[in-house]
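*Asks:* Chains as they are written, first to last, in numbering that gives the first Met the number 0: chain A, 0 to 357; chain B, 0 to 357.
Where a beta carbon is used, it is the ideal one built from N, C-alpha and C, also for glycine.
Keep in mind it's a predicted model, so treat the numbers as computed, not measured.
Number of protein chains: 2
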Amino acid sequence: MAKQHLEPTDPLAQPVTGEALAGHLRCQATEFLRALRRHRETGTGGSAPARARPGAGDGGTPESAGAARALRRSARRISGSLHTYRPLLDTDWSEGMRPELAWLSGTLALEHAFAARLERLLAALHRLSGSAALPAQPSGTPGGAPPVPERGNLTVGAAKAGALLDRQLTLARTRAHSTALQALGSSRFHAVADKVAVLASEVPLVPGAAGTDLRPLAVAAQERLADAVVALPLVTAGSPYNAEALVHGLSPDLSPHPQDGPWHQVRLLLRLHRYAREVLYGQNAPVDVRLLTAGQALNRHRDAAEAAAAAAQAARTPRIAPATAYALGVLHADQRHEVEAARFAFQQSWQKQTVAAP
Amino acid sequence: MAKQHLEPTDPLAQPVTGEALAGHLRCQATEFLRALRRHRETGTGGSAPARARPGAGDGGTPESAGAARALRRSARRISGSLHTYRPLLDTDWSEGMRPELAWLSGTLALEHAFAARLERLLAALHRLSGSAALPAQPSGTPGGAPPVPERGNLTVGAAKAGALLDRQLTLARTRAHSTALQALGSSRFHAVADKVAVLASEVPLVPGAAGTDLRPLAVAAQERLADAVVALPLVTAGSPYNAEALVHGLSPDLSPHPQDGPWHQVRLLLRLHRYAREVLYGQNAPVDVRLLTAGQALNRHRDAAEAAAAAAQAARTPRIAPATAYALGVLHADQRHEVEAARFAFQQSWQKQTVAAP
């Protein structure tokens, strides 16, 4: 029943065996080692990231940032295959490997995440200020009784909010950079790299796995995704301006919005489904535009949710000016609406997917 | 061409003459005088509005609020007819009357507007706090290095923002109440009332007007509306989450958003079109649901825009706490998104109208 979902014209009519899984893992392990070599060659030294280039991503050079991205990319794919095709792989090896890969890609992702978050928030502040320049306009009115408007006040607020976010997120990014460098020099990392090096030539399949059909396991991954999507509040999400994402926008709860959790979960399951497909199709995996669109919407959802949280957190900095706090409040709400917009976009793309299926 | 827009099954195939206009004006003038009598009987005395009932509207009692609403209602309709059917009425009389009616309904509307604005903002604060109670939660963490989250901080912020808005808008409302009472006791008002009393029996039509067809003038009013709608950015408004309404959300400009102007203008033209229809149809005016829906969306647009401005203005109060300012920022952005949602709703209803026309 679910098999027909994989592709309208199904090149997977024949079984895909464990051999394909072994080939995929060897290939991804090789990619990992290549990226690692590139990363060492373009070396970030140990210097903190250049403060002037918040958008540059990981490390000092675009090359090393690209290498780190490639490292994460293959680590995620190996980890995903270990999860989806678990029964075909040696359990002890697989269970020892997955947390290490998750630790590695998580650690490497942080620096880029902080840089991207800062970029997103500063872009939003500029958009909200209706000017590219944020001019430091002097106070036009000489003051008076409340609530006399102070001209230029809010633009100063936006500029101060931007400076505060820049300070906090650049600090976080610098720390993430150091942590990543430490991780790459650690014995823990060398143990992972050694295991991946072995994987590049020798995949620990269980006996009989080479002839086992992968497709039921891929279908199971797809069904986990479908089940999680069904549990999402898609009717609400599909109704524009439902104002759901900003409920609790002023609640005292500081943890990530509980309502975001199921969406983040679907994002991970969508990625696992995508990786599972890549194993089945090998080098010839056709690009599923709808899957891509849905994934982009969920990335946007995650990024906006984290940016909104960063704005809320910055607003809790002691001794900030009211104008700064006001700008951060507007910014927080703006990003929560981005969250809502991303859910709408996901609903739209998923709707298309379902309609186009039969 | 435009006539067919008035109604699919057109009961206006026959000319509607100036006699109908005279009848309508007499009827509205009578309504005005009746409402005035009711308002005097239920009298507000001179007391300030009860602070505990911010939603009660004008004056001290629901009866006097209803009477004031009826007064405004007929004043707006007389004024609208004077505008749309201008060529059929004595110019000097008409030009002397309209500004006085506008002054009156504007003055009477303010108190209700402030009450409704406060109610809207407090409801939004409760929604954004994710709780109906806004409990004054004590700070859970004893403090620490930034950015240590302070539990309950934002809820206190929402509560303080609510108290500040309550103070400012209740003050504004009390002033509007006094102003309205003064207006109703002024010689300027008595002059208007006298003129309306004459209008109830004697409508100053120009010679020949009694036999003149009203329909071309009604069509012209409808065309002014259609032209103004065409000039709106409806393509943008119809694309959900276009983020247009919050552009300039942090700009230093304090005047009402320039982008709101054309929408407010359409709101007025829609009302004039509706009043012009009432004259044509007399007592039997069929309810045009789509016109009603579009009008409600534009009312919501206006209310949200004014509420957003009130939140921004409150944030400029000197010496407020950062948590208060943050909550007002979230509230401002929330209301600007309401503005955007209202534009979307208008676009949707208007689209239906256009599609259903032929």
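Residues in the same chain with beta-carbon distance under 8 Å from H336 of chain B, minus the five sequence neighbours each way, listed in chain order, please.
*Replies:* Once the five neighbours on either side are set aside, the close Cβ partners of H336 of chain B are A244, L245.
*Asks:* Assuming L204 of chain B and A28 of chain B form a contact by the criterion Cβ under 8 Å, report the distance between their Cβ atoms to the nearest whole angstrom.
*Replies:* With a Cβ gap of about 14 Å, L204 of chain B and A28 of chain B do not count as contacting.
*Asks:* Give me the residue from B:A314, B:Q346, B:A344, B:R342 with the minimum Cα distance to G156 of chain B.
*Replies:* Ranking B:A314, B:Q346, B:A344, B:R342 by Cα distance to G156 of chain B puts B:A314 first.
*Asks:* Which residues in the same chain have their Cβ closer than 8 Å to the Cβ of Q264 of chain A, if we skip the five residues on either side of it in sequence?
*Replies:* Closer than 8 Å at Cβ, skipping near neighbours: A227.
*Asks:* Could you check how far apart the C-beta atoms of L87 of chain B and G17 of chain B are, in whole angstroms? I think they sit under 8 Å.
*Replies:* Confirmed, about 5 Å.
*Asks:* Taking C-beta pairs closer than 7 Å, name the residues in chain B that L327 of chain A reaches, listed in chain order.
*Replies:* Those within 7 Å of L327 of chain A in chain B are Y325, G328.
*Asks:* L245 of chain A touches chain B at which residues, Cβ-Cβ below 7 Å?
*Replies:* Those within 7 Å of L245 of chain A in chain B are L127, D333.
*Asks:* Taking Cβ positions, are H331 of chain A and A311 of chain A nearer each other than 7 Å?
*Replies:* For H331 of chain A and A311 of chain A, yes; Cβs fall inside 7 Å.
*Asks:* Mind checking whether T83 of chain A and L216 of chain A have CB atoms under 7 Å apart?
*Replies:* It is a contact, given that the beta carbons lie within the stated cut-off.
*Asks:* Between the stretch 172-184 of chain B and the stretch 341-349 of chain A, do at least 3 Cβ pairs fall closer than 8 Å?
*Replies:* No, because fewer than three Cβ pairs between the stretch 172-184 of chain B and the stretch 341-349 of chain A fall closer than 8 Å, the two stretches do not touch.
*Asks:* I want to verify the contact list: residues of chain A whose CB lies under 8 Å from the CB of P98 of chain B, in sequence order.
*Replies:* Under the 8 Å cutoff, chain A gives no residues; its nearest Cβ is about 28 Å from P98 of chain B.
*Asks:* Drop a sphere of 10 angstroms on the beta-carbon of V234 of chain B, count the other beta-carbons inside from all chains shown, and report buried for 16 or more, exposed for fewer.
*Replies:* V234 of chain B is exposed by the Cβ-count criterion.
*Asks:* Compare the C-beta of P261 of chain B with all C-beta atoms of chain A and state if any pair is closer than 7 Å.
*Replies:* No, P261 of chain B does not count as interfacial toward chain A.
*Asks:* What residues from chain B crowd round F343 of chain A, counting only those whose CB sits closer than 9 Å?
*Replies:* Chain B residues near F343 of chain A: P239, Y240.
*Asks:* Report the neighbours of I319 of chain A on chain B: residues whose CB is nearer than 7 Å to its CB, in chain order.
*Replies:* Per Cβ cutoff of 7 Å: P321.
*Asks:* By the DSSP assignment, the alpha helix (DSSP H) with A112 of chain A in it spans what residues?
*Replies:* Where A112 of chain A is concerned, the enclosing alpha helix (DSSP H) stretches over 90-128.
*Asks:* Any beta-carbon of chain B closer than 7 Å to the one on A314 of chain A?
*Replies:* Yes, because at least one Cβ of chain B sits closer than 7 Å to the Cβ of A314 of chain A.
*Asks:* Can you name, in chain order, every residue of its own chain whose Cβ lies under 6 Å from the Cβ of R37 of chain A, other than the five neighbours on each side?
*Replies:* The residues are A66.
*Asks:* Note down the Cα distance separating R270 of chain B from E222 of chain A, rounded to an integer number of angstroms.
*Replies:* Their backbone Cα atoms lie some 54 Å apart in a straight line.
*Asks:* On the three-state DSSP scale, how would you describe D259 of chain B?
*Replies:* The answer is helix: DSSP assigns D259 of chain B an H, G or I state.
*Asks:* Let me know if A309 of chain B comes out buried or exposed under the rule of 16 or more other beta-carbons within 10 Å of its beta-carbon.
*Replies:* Its Cβ being crowded by 16 or more others within 10 Å, A309 of chain B is buried.
*Asks:* What residues of chain A sit near H300 of chain B, judged by a beta carbon separation below 7 Å?
*Replies:* Near H300 of chain B there are no residues of chain A at all, since even the closest Cβ is about 12 Å away, more than 7 Å.
*Asks:* Give the interface partners of A157 of chain A over in chain B, defined as CB-CB distance under 7 Å, in chain order.
*Replies:* By Cβ distance, chain B contributes L249.
*Asks:* Report yes if the CB atom of V202 of chain A is closer than 7 Å to the CB atom of L11 of chain A, and no otherwise.
*Replies:* The answer is no: Cβ separation not under 7 Å.
*Asks:* Does the beta carbon of H256 of chain A come closer than 7 Å to any beta carbon on chain B?
*Replies:* No, H256 of chain A does not count as interfacial toward chain B.
*Asks:* Enumerate in chain order the residues of its own chain whose CB-to-CB distance from A69 of chain B is below 6 Å, with the five nearest sequence positions on each side excluded.
*Replies:* For A69 of chain B, where only same-chain residues beyond five positions count, the Cβ hits under 6 Å are A34.
*Asks:* Between the alpha carbons of L249 of chain B and G161 of chain A, how many angstroms are there, rounded?
*Replies:* Between L249 of chain B and G161 of chain A, the C-alpha separation is close to 12 Å.
*Asks:* Whole angstroms are fine: how far does the CA of A236 of chain A sit from the CA of G294 of chain A?
*Replies:* Each residue's alpha carbon lies about 16 Å from the other.
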